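Everything in the sequence shown is counted per my numbering, starting at 1 for the first residue and increasing by one. We put the CB at the ideal spot given by N, CA and C, even for glycine. This structure is a prediction, so every number in the text was calculated from the model and none was measured. Below: one structure, written as structure tokens.
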Amino acid sequence: MNSPVVIITGGAGCLARSLADAFRETGAEVFSPGRDDLDVRSSAEVDRYFDRFERIDLLINNAGITADRLFAKLGERDWDAVLDTNLKGAFFCSRMAAKRMIKQRDGSIIQIGSYSALQPPIGQAAYAASKAALIGLTKSLAKELGPRNIRVNCVLPGFLATRMTAELSDDARAAALARHALGRFNTVEDAASFIVTLTKMPHVSGQVFQLDSRV
């Protein structure tokens with residue numbers, strides 16, 4: 001029996017590395033390209049990358065960037081960069097993966113979202129908009145692809161210790177921690193463990209999972 005094929009975009013990130021390790025432990029064949037290997041903003045590049053696969057069992061759209069600044073100072077270039085990576089990239093990759101999964105009549109797509117989609121902080125207009133749109137994309141695809149036995153879910157992994165959050169000031173980090181009822185952040189390892197478990201649930205689709213204690 002062939003090993004399941006898993007593709008994780010944004011492969012250079014901390015969460016992607018934990019996901020890759022976790023899925024390899026299950027026996028999956030994991031492909032986790034970074035931007036040098038796959039620029040998700042390019043439809044042609046995404047098509048070329050995905051064309052090498054005859055089968056795709058799981059796609060995790062993890063590639064993402066932010067451009068935090070006040071809305072009045074947010075330029076079109078920054079807006080486009082965030083939306084092109086976070087949303088259009090997920091669209092391009094999901095489209096190519098879905099083509100394989102429809103033929104297989106089986107598969108799973110997981111969008112990596114953000115709590116900012118639900119309760120965005122000041123200065124994250126572009127990032128919040130892109131992640132909120134991912135929730136809409138998730139629910140639309142779940143309805144459309146469900147009859148083909150394809151599950152689509154969105155995971156909001158919480159405030160993780162990653163390169164993106166490392167740029168925050170101590171005050172911003174403390175303020176974020178204060179909003180957690182349990183008084184602690186999630187870890188990339190626990191987020192990866194949850195996602196592995198989610199892929200083993202054949203009756204779950206169209207759902208949004210928040211992996212922290214912000215209420």
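State the DSSP-derived secondary structure class of residue i, mapped to helix, strand or coil.
i: Ser-213; result: coil
i: Asn-62; result: coil
Going by C-alpha to C-alpha distance, which of the options sits closest to residue i?
i: Arg-48; options: Ala-97, Leu-58 and Ser-205; result: Ala-97
i: Thr-26; options: Phe-159, Lys-200 and Ile-109; result: Lys-200
i: Ser-32; options: Ser-43, Leu-141, Lys-139 and Ile-7; result: Ile-7
i: Gly-34; options: Arg-24, Ala-67 and Gly-89; result: Gly-89
i: Arg-55; options: Pro-157, Thr-138, Arg-105 and Ala-166; result: Arg-105
i: Ser-43; options: Phe-53, Cys-93, Arg-52 and Ser-213; result: Cys-93
i: Phe-194; options: Thr-162, Cys-154, Ala-178 and Ala-166; result: Cys-154
i: Val-266; options: Leu-15, Leu-156 and Ala-192; result: Outside the displayed span of the chain (1 to 215) sits residue 266, for which this structure offers no information.
I'd like the list of long-range same chain contacts for residue i, defined as Cβ closer than 6 Å, with 5 residues on each side in sequence excluded.
i: Ile-150; result: Met-101 and Gly-107
i: Leu-182; result: Ser-213
Would you call residue i buried or exposed, if buried means 16 or more other Cβ atoms sit within 10 Å of its Cβ?
i: Ser-3; result: exposed
i: Lys-131; result: buried
i: Ile-122; result: exposed
i: Ser-169; result: exposed
i: Thr-85; result: buried
i: Phe-212; result: With the sequence shown as reference, residue 212 is identified as Asp, and Phe is not the correct amino acid for it. By the neighbour-count rule (16 or more Cβ atoms within 10 Å), Asp-212 is buried.
i: Asp-68; result: buried
i: Val-188; result: buried
i: Gly-158; result: buried
For residue i, I'd like the list of residues in its chain whose CB is within less than 8 Å of its CB, leaving aside the five on either flank, ordered along the chain.
i: Ala-28; result: Ser-3, Pro-4, Val-5, Val-6, Asp-57 and Leu-58
For residue i, which residues in the same chain have their Cβ closer than 7 Å to its Cβ, ignoring the five residues on either side in sequence?
i: Ile-135; result: Gly-113, Ala-117, Cys-154 and Val-208
message = Could you tell me which whole alpha helix (DSSP H) segments of length 4 or greater appear in the segment 8-54?
response = 14-25 and 43-50
request  = Pick out the complete beta strand (DSSP E) segments inside the segment 69-131, 3 residues or longer, and give them in chain order.
outcome  = 107-112
request  = Note down, one range per segment and in chain order, each beta strand (DSSP E) of at least 3 residues found wholly within the segment 130-208.
outcome  = 150-156
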